[in-house]
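J.: Please find one structure pasted underneath; my questions will follow.
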Amino acid sequence: MKNKECVAMLLAGGQGTRLKSLTKKIAKPAVYFGGKYRIIDFPLSNCTNSGIDTVGVLTQYEPLILNDYIGIGASWDLDRKFGGVSVLPPFMQAEGGGWYTGTANAIYRNLQFLNQYDPEHVLILSGDHIYKMDYNAMLDYHKESGADCTISVIEVPWEEASRFGIMNTDDNGRITEFDEKPKEPKSNLASMGVYIFRWDVLKQYLIDDAENENSSNDFGKDIIPSLLGDYRKLMAYTFEGYWKDVGTVNSLWEANMDLLKKEPELNLNDQSWRIYSKNPNQPPQYIAPSAKVKNALINEGCRIKGEIDNSVIFYGVHVDENSVVKDSVIMPDVKIGKNVTINRAIISKGSVIEDGAVIGDASPESEITLVAEEGSVLASSYATNS
Amino acid sequence: MKNKECVAMLLAGGQGTRLKSLTKKIAKPAVYFGGKYRIIDFPLSNCTNSGIDTVGVLTQYEPLILNDYIGIGASWDLDRKFGGVSVLPPFMQAEGGGWYTGTANAIYRNLQFLNQYDPEHVLILSGDHIYKMDYNAMLDYHKESGADCTISVIEVPWEEASRFGIMNTDDNGRITEFDEKPKEPKSNLASMGVYIFRWDVLKQYLIDDAENENSSNDFGKDIIPSLLGDYRKLMAYTFEGYWKDVGTVNSLWEANMDLLKKEPELNLNDQSWRIYSKNPNQPPQYIAPSAKVKNALINEGCRIKGEIDNSVIFYGVHVDENSVVKDSVIMPDVKIGKNVTINRAIISKGSVIEDGAVIGDASPESEITLVAEEGSVLASSYATNS
Amino acid sequence: MDRIAGIINLDHEQDLLDELTYFRCGAAVPFGGRYRMIDFAISNMANSRIESVAVFARRKYRSLMDHLEQGKAWDLDRKRGGLFILPPDWNDPTDISRGDLQHFHNNIDFVNRALADYILVSGSQNICNIDFQEVLSEHKNSGADVSVIYTKVDELYPEFNLAHKLDVDGNGRVTSIHNDHNNKNVYMDMYLISKDLLSELIEQCIAHGGSHFFLDGIKSRLEDLHVHAYEYKGAHALINSVESYYRNSSKLLEADEHDSLFKEDAPIFTKVKNEAPAKYLPTSNVSNTLVANGCVIEGEVEDSILFRGVKVGEGAVIRNSIIMQRCEIEPNAVLENVILDKDCRISEGRTLIGAPEKPFVLPKRKSM
Amino acid sequence: MDRIAGIINLDHEQDLLDELTYFRCGAAVPFGGRYRMIDFAISNMANSRIESVAVFARRKYRSLMDHLEQGKAWDLDRKRGGLFILPPDWNDPTDISRGDLQHFHNNIDFVNRALADYILVSGSQNICNIDFQEVLSEHKNSGADVSVIYTKVDELYPEFNLAHKLDVDGNGRVTSIHNDHNNKNVYMDMYLISKDLLSELIEQCIAHGGSHFFLDGIKSRLEDLHVHAYEYKGAHALINSVESYYRNSSKLLEADEHDSLFKEDAPIFTKVKNEAPAKYLPTSNVSNTLVANGCVIEGEVEDSILFRGVKVGEGAVIRNSIIMQRCEIEPNAVLENVILDKDCRISEGRTLIGAPEKPFVLPKRKSM
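Chains as they are written, first to last, in my numbering: chain A, 1 to 386; chain B, 387 to 772; chain C, 773 to 1140; chain D, 1141 to 1508.
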């Protein structure tokens, strides 16, 4: 078979501790989003829609759910004979093995995987962001500019720039400097953590990096600075559109709420750029005569008898009579009894909320309440900011 | 979905050092056999043919080739939505992780995988043997006898019994004792390393075993003796048919030669019990006017211009004019030049044998010569027993 | 476990759903918000661990091919077994078989080679959720040659006039099969038979110039064959007319009916579309309605079924209606007692009102 | 990279292979020891990174459905794109399109929705190994509206009489298309066209009452369209008769022909069977022969092609013959210049000898 022009490597090893109990049992890329999806659906669907049919998913921490979720990749049309999606956990070699020590190390340890496709370019992705992006357009830009490495960047508000990795560029878009969380940013172009490398260049840098005992084996801290230090050609590719790091409970909640706008920036109904996900095979949702539903995203398998206002409801959720769900995200298979009130909360998968329970704090400045996975909330308890 | 009656767990972690350079880069279950297959094709095809559609493959050592070979399991019809084949390498957990310490530990560490299918029985297999077996018949026997564990056994010649794990049974086939390599065997029923456990029983023993610091976490050394010690019901299921451990270069060679008989014990052409394998998509083999082929198994993609006698030839092998291959196994994509003589040898995948080379020792008592993977043998070298 | 193979025999199903079956066979008609009629028969087979399914198709089966793919949605895209759509074969010109016996005859290899001891033959018009393994165990206990499946209906709806009825004796044996309009034992067009007997009966029927396996091979031979009646007791609908389609669709809005058809441990599978969750805007008002994914609702919907990707504009009102995939209802349109086939568009302010006993039906891709 | 979608148009291919096409269309005829004719067209498309392929089928396509499955063997069983077999649709009764234009018209959605800028249309009778991405880049450089693919043949075999021929000017532009039997520029029944122009030309052809897209939309419009000729230079065979089938099968025994058709970096894919390697017993004697897996050979075989699973008994002799899947040649039978279709059995000692210029052909499942 012919070689692959571009192979994607998706770093899905992060634990995402700021997501609290949401990532107790699952890796961050497996966290639920948008009534139907998991975070990793976005980069995987972007790959498929961009015509990139070979993706290595580098897992480390609790890969079982991710493994099981990705399965053979059929959901994203990545069940290909040559290529497709491969889950790549750390493995043992004749010379011994061990866990991945950093993002660059994870790729280095899979040189053999990449070599079998002999790609011209390698696309490095992370599994932490919600966005729709045509990687093929970025690849075209990368090829045309003849760069050794192209980094996609997004304009962030100047006042927030010091929270990001900032790329300083010349007039042609060539990166001259990389400032990790600069106190006094010289640019507002933040790295999205999406890189395209010429594979021959990256390979050499990975090998050198592995031999360097002082390296932390990280793309942002080691590989990119090395390339810049050697005056390699690094280009910034400016992305325009919705891009959100959902690394905290609040930002995850916000990103869900963003979808409820009449014309959300992130359009999930775009037939030309579908977001694929694993299908739970549930019957259509049933909206009972007693229900009131306004401003909501509701998935299949739900039975709604209560009131839903400004909320995102995943599949298999039951909301019984006289219950009110407001400004909240209800994850799959949650059962909500009668006379329950839920405000500004995220209810994790499989939770059972008993009759009369009151959850969350309605005041707009309050923190978002999180009910942990398969939790049970009794009427007597007043769960808030748990 | 309904639960699974029986889930198979295939222990494919072994390095198989006695196979020398054949397992330098690949795990033993990935070793080639029979002109077309890898060892692991046999247990996987047995599962499919027995109607067992959920198989966990426990890998550890160099899993990449095995991973890549198994892929989504489509070759064995195991690309199922619920179930199918899952490759299970050791992974990191919130409480830390590490490599599998023994066969029982490998299963213990995948309790979560098994729990999701909630099986009634678990079939434990190894990836080291060549045989065709109806696991479903064994499962029926196991269920009818009401055993906690059923172990499949095969009669071996008495004089060889001391090389095996021997099961001593009462008149009803109940196992009373397990002797690992006994000096004075009381029975000639050798364990085939194929176990069926009631899952509720096995689960408890695995949990107890994991807490026992003195255990080596091995089925044969720890779990089976524990069950026997507790007077659990262990039954022996007698298997009749071809069964061969191909753990050494000589036994691998012998097993290949066994296929060349007119009516081999292991019939690969049985349409009702097909052995599935990954298909390399090669054109039909071409037998040239100059060729002489006798007593041979030859796969697609071969071009034979020389003489083949009593040999097994994998796919993509070229044998040029005036070369003679006798009593040998030629693995995939080997290119053999002109005027080459090969006797009693195994030539590993991708080797190039140059014009005029002489390999192996024709005397019937000699050891089998092994040419290592992607080796190149020059005319001047006389490779034997390497 | 004994193995069963399945045949879905569409050969003698007539396409009586008016506009809905102009361009597709009845088995391919959308039903229940996201399914096609045939999904129920196939899902029942898949859930009963049937691994080989043949679909005997004769007419208008192209949208069926699109829908079924290679059985993917049912995990039936297999090497061993799997799902096969079998249109009539251009085979032996000396073939004397006729009617559905031609299908049975042409496809005798499917029967003979199936990794199964029993064959379950079903049509597509009886919607239910049934475990054929249970049918098999009753069949074996009864010692019968053939088991036919029936249900006792409460009310004699007109659609049952087209179905066969059974007389069953105290031992569960079928004593006669007829069309008595007042008999409530409705035959569900499903039977279980051993592979060998099926094969034998097919040959006999052909030799005797038969053209309809059930009539010639089973119904007319109740005396020499032991035919057992298996009673199915769950939710059931027979759909062979627009009226029965419409009434039974509405019945899905009842919780009991819904839950006994869509079970968690025996789900109804269908081809996967990747639609986003349904979106309700602030002006929406939805009540007693089934809504599939991909819908965007700004208007009012009551006592209705919306299939995938339906858009309902602000101020639009939909009542007692079935709106199929990707229809667009523009603002302020009013629909009552209406069935819209796929891809219809109702323009702003337009009103369409059918009768409760005879809904107004629009064919595919109409704009009004 | 520009994307191409593929159409395999079998609509006007006649089934002229006598016994071999009694029960199947020409595209489904076995060829080359393990392939079917259509495998070459589909593999060429798959190897050229074409991800959507429609097969326009009209007659005897059932064995094609069995063979192609959902495009599995070509990695074309996809959600986006994939392989579709499109029999004629029962669509709009007011449809006035005829011939293959009915197919183009019924399936205009395939053209319009394909994730592609260009469409490559091919038949199944021209066996070759061609990279359509190369055709596309030459097409774009030439600035042409349509590129038609041809090859210069050395010898004027009779099968070329049924093919169109091209006159090409110095710039590679086609100046006329005709049937001159002495012209060696044989049109390979393949053309590349932009999606938009194809869609436009289809409409125009239908409006003008056309019935054959190539003749009405391209051949007769060489003056207003810029039609470029792409010359293919690799191994080629046109198979539209038993004689051309037989002669070109034998040509596969020549190493050059074989190697330029079966390339490592552009393999010909086909449905996977799980046959064991071919087995040669001590009494076998095989020479200048292609042998597929699953064969068991005890006799003598020379200058022949054995498909999968053929058994050759001791003392049997096969010369200059093509023996298809699962045939059994019993001991001491003699076959010379014979083509056996699948599942034939030649009983012990029987002799069948055809002529080198007209082989003796046995249809499927014959026992003699």
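Note that beta-carbon positions come from the ideal geometry of N, C-alpha and C, so glycine has one too. These numbers come from a predicted model, not from an experiment.
Does DSSP classify D:K1335 as helix, strand or coil?
T.: Residue numbering aside, residue 1335 of chain D sits at position 195 when the fourth sequence is read from its first letter. The answer is helix: DSSP assigns D:K1335 an H, G or I state.
J.: If you follow the beta strand (DSSP E) that A:C6 is part of, which residue opens it and which one closes it?
T.: As a working mapping, residue 6 of chain A is identified with position 6 in the first sequence. It spans 6-11 - the beta strand (DSSP E) in which A:C6 sits, taken as one unbroken run.
J.: Between D:H1243 and B:L511, what straight-line distance do the alpha-carbon atoms span, to the nearest angstrom?
T.: Taking the fourth sequence and counting its residues from 1, the one referred to as residue 1243 of chain D is at position 103. Taking the second sequence and counting its residues from 1, the one referred to as residue 511 of chain B is at position 125. Their Cα atoms are separated by approximately 53 Å.
J.: How long is the line joining the alpha carbons of C:N1057 and A:D128, rounded to whole angstroms?
T.: Taking the first residue of the third sequence as position 1, residue 1057 of chain C is located at position 285. Taking the first residue of the first sequence as position 1, residue 128 of chain A is located at position 128. Roughly 36 Å between the two C-alpha positions.
J.: Where do the N-terminal and C-terminal ends of the alpha helix (DSSP H) with C:Q949 fall, by residue?
T.: Translated into the one-based positions of the third sequence, residue 949 of chain C becomes position 177. According to the sequence displayed, residue 949 of chain C carries Ile and not Gln. No alpha helix (DSSP H) holds C:I949; the beta strand (DSSP E) holding it covers 946-950.
J.: Excluding sequence positions up to five away, which residues of its chain have a Cβ less than 8 Å from the Cβ of C:A1009?
T.: In the third sequence, the residue the question calls residue 1009 of chain C occupies position 237. N898, I899, C900, S1016, N1020, K1023.
J.: Whose CA, out of D:I1182, D:H1245, D:S1287, lies closest to the CA of D:G1222?
T.: Walking along the fourth sequence from the start, residue 1222 of chain D turns up at place 82. Taking only the C-alpha atoms, the option nearest D:G1222 is D:I1182.
J.: Is C:E1070 helix, strand or coil by DSSP?
T.: Counting from 1 along the third sequence, the entry for residue 1070 of chain C is found at position 298. Three-state result, C:E1070: coil.
J.: Does the beta-carbon of A:Y37 have 16 or more other beta-carbons within 10 angstroms, so that it is buried, or is it exposed?
T.: Residue mapping note: residue 37 of chain A aligns to position 37 of the first sequence, counting from 1. Counting Cβ neighbours within 10 Å, A:Y37 comes out buried, since at least 16 surround it.
J.: Measuring CA to CA, which of A:A236, A:K294, A:G193, A:L202 is closest to A:N110?
T.: Indexing the first sequence from 1 puts residue 110 of chain A at position 110. When only C-alpha atoms are compared, the closest one is A:L202.
J.: Would you mind listing the beta strand (DSSP E) stretches within the stretch 439-513 of chain B that are 3+ residues and don't spill past its ends, in chain order?
T.: Whole beta strand (DSSP E) segments, 3+ residues: 440-444, 470-474, 507-512.
J.: Among B:A622, B:D594, B:E740, B:E545, which residue has its Cα nearest to the Cα of B:F564?
T.: Translated into positions along the second sequence, residue 564 of chain B becomes position 178. When each option's Cα is compared against that of B:F564, the closest is B:A622.
J.: Out of curiosity, what's the CA-to-CA distance linking C:Q976 and C:R993?
T.: On the third sequence, residue 976 of chain C is found 204 positions in, with the first residue counted as 1. On the third sequence, residue 993 of chain C is found 221 positions in, with the first residue counted as 1. Answer to the nearest angstrom: the Cα atoms are 12 Å apart.
J.: If we call anything under 7 Å between Cβ atoms a contact, is D:L1150 one with D:A1167?
T.: Within the fourth sequence, numbered from 1, the residue matching residue 1150 of chain D stands at position 10. Within the fourth sequence, numbered from 1, the residue matching residue 1167 of chain D stands at position 27. In contact: D:L1150 and D:A1167 (Cβ atoms closer than 7 Å).
J.: Just the chain C side, please: which residues come within less than 7 Å of D:Q1465 by C-beta, in chain order?
T.: Numbered from its first residue, the fourth sequence carries residue 1465 of chain D at position 325. Neighbours of D:Q1465 on chain C: none; closest Cβ ~14 Å, over 7 Å.
J.: How big is the Cα-Cα spacing for A:D333 and A:V317?
T.: Here residue 333 of chain A refers to the residue found at position 333 when the first sequence is read from its first residue. Here residue 317 of chain A refers to the residue found at position 317 when the first sequence is read from its first residue. Distance between the alpha carbons of A:D333 and A:V317 is about 5 Å.
J.: Compare the beta carbon distance of D:S1237 and D:I1346 with 7 Å and say whether it is the shorter of the two.
T.: Here the question's residue 1237 of chain D lines up with position 97 in the fourth sequence. Here the question's residue 1346 of chain D lines up with position 206 in the fourth sequence. Against a cut-off of 7 Å, the Cβ pair of D:I1346 and D:S1237 comes out as a contact.
J.: On a Cα-Cα basis, can you pick out the residue from D:S1444, D:D1142, D:I1148 that is closest to D:M1330?
T.: Position 190 of the fourth sequence holds residue 1330 of chain D. Among D:S1444, D:D1142, D:I1148, the Cα nearest to that of D:M1330 belongs to D:I1148.
J.: By DSSP, does B:C774 sit in helix, in strand, or in coil?
T.: This structure leaves residue 774 of chain B out entirely; chain B is present only between 387 and 772.
J.: If we define contact as Cβ-Cβ less than 7 Å, is C:I776 a contact residue for chain B?
T.: Counting from 1 along the third sequence, the entry for residue 776 of chain C is found at position 4. It does not: the Cβ of C:I776 has no partner Cβ on chain B nearer than 7 Å.
J.: In or out: C:M1140 buried (at least 16 other Cβ within 10 Å) or exposed?
T.: Start at 1 with the first residue of the third sequence, and residue 1140 of chain C comes out as number 368. C:M1140 comes out exposed.
J.: For the 8 Å Cβ check, are there 3 or more pairs between the stretch 1456-1469 of chain D and the stretch 1364-1375 of chain D?
T.: With the cut-off at 8 Å, the stretch 1456-1469 of chain D and the stretch 1364-1375 of chain D do not touch.
J.: Which residues of chain B have a Cβ atom closer than 7 Å to the Cβ of D:V1431, listed in chain order?
T.: Taking the fourth sequence and counting its residues from 1, one reaches residue 1431 of chain D at position 291. Chain B residues near D:V1431: P670, Q671, I673.
J.: Round the Cβ separation of C:A1007 and C:L1033 to the nearest angstrom and send it over; I've been treating them as touching at under 8 Å.
T.: By one-based count along the third sequence, residue 1007 of chain C stands at place 235. By one-based count along the third sequence, residue 1033 of chain C stands at place 261. The Cβ separation is near 5 Å, so the contact holds.
J.: Have a look at D:N1428, D:R1143, D:M1185 and flag the residue whose alpha-carbon is nearest the alpha-carbon of D:I1458.
T.: If you number the fourth sequence from 1, residue 1458 of chain D lands on position 318. Selected option, being the one with the closest Cα: D:N1428.
J.: What ranges does the beta strand (DSSP E) occupy inside the stretch 198-246 of chain A, keeping only unbroken runs of at least 3 residues that lie completely in it?
T.: The qualifying runs are 234-238, 243-245.
J.: Need the endpoints of the beta strand (DSSP E) that A:E180 sits in, please.
T.: By one-based count along the first sequence, residue 180 of chain A stands at place 180. Per DSSP, A:E180 belongs to the beta strand (DSSP E) from 175-180.
J.: Which residues, in order along the stretch 1377-1390 of chain D, keep a beta-carbon less than 7 Å from a beta-carbon of chain B?
T.: Within the stretch 1377-1390 of chain D, no residue has a Cβ that lies closer than 7 Å to any Cβ of chain B.
J.: Tell me, please, which residues DSSP counts as bridged to D:S1262.
T.: On the fourth sequence, position 122 is the one that residue 1262 of chain D refers to. Paired residues: D:I1148, D:M1330.
J.: If we define contact as Cβ-Cβ less than 7 Å, is A:I52 a contact residue for chain C?
T.: Counting from 1 along the first sequence, the entry for residue 52 of chain A is found at position 52. No, because no Cβ of chain C sits closer than 7 Å to the Cβ of A:I52.
J.: With a threshold of 7 Å between beta carbons, is D:D1215 in contact with chain A?
T.: Position 75 of the fourth sequence, counted from the first residue, corresponds to residue 1215 of chain D. It does; some Cβ of chain A falls within 7 Å.
J.: Applying the criterion that 16 or more other CB atoms from any shown protein chain within 10 Å of the CB defines a buried residue, is D:W1086 buried or exposed?
T.: Limits of chain D in this structure are 1141 at one end and 1508 at the other, which puts residue 1086 of chain D out of reach.
J.: Helix, strand or coil: how does DSSP classify C:H877 here?
T.: Within the third sequence, the letter at position 105 stands for residue 877 of chain C. Of the three classes helix, strand and coil, the one that applies to C:H877 here is helix, per DSSP.
J.: Within 8 Å, do at least three Cβ pairs link the stretch 342-353 of chain A to the stretch 222-230 of chain A?
T.: Not touching, per the Cβ criterion.
J.: Which of helix, strand or coil does DSSP assign to C:H984?
T.: Stepping through the third sequence from its first residue, residue 984 of chain C is reached at position 212. Note: C:H984 maps to coil in three-state DSSP.
J.: May I have the straight-line CA-CA distance separating B:S658 from D:F1300, to the nearest angstrom?
T.: The sequence position of residue 658 of chain B within the second sequence is 272, counting from 1. The sequence position of residue 1300 of chain D within the fourth sequence is 160, counting from 1. When rounded, the distance between both Cα atoms is 45 Å.
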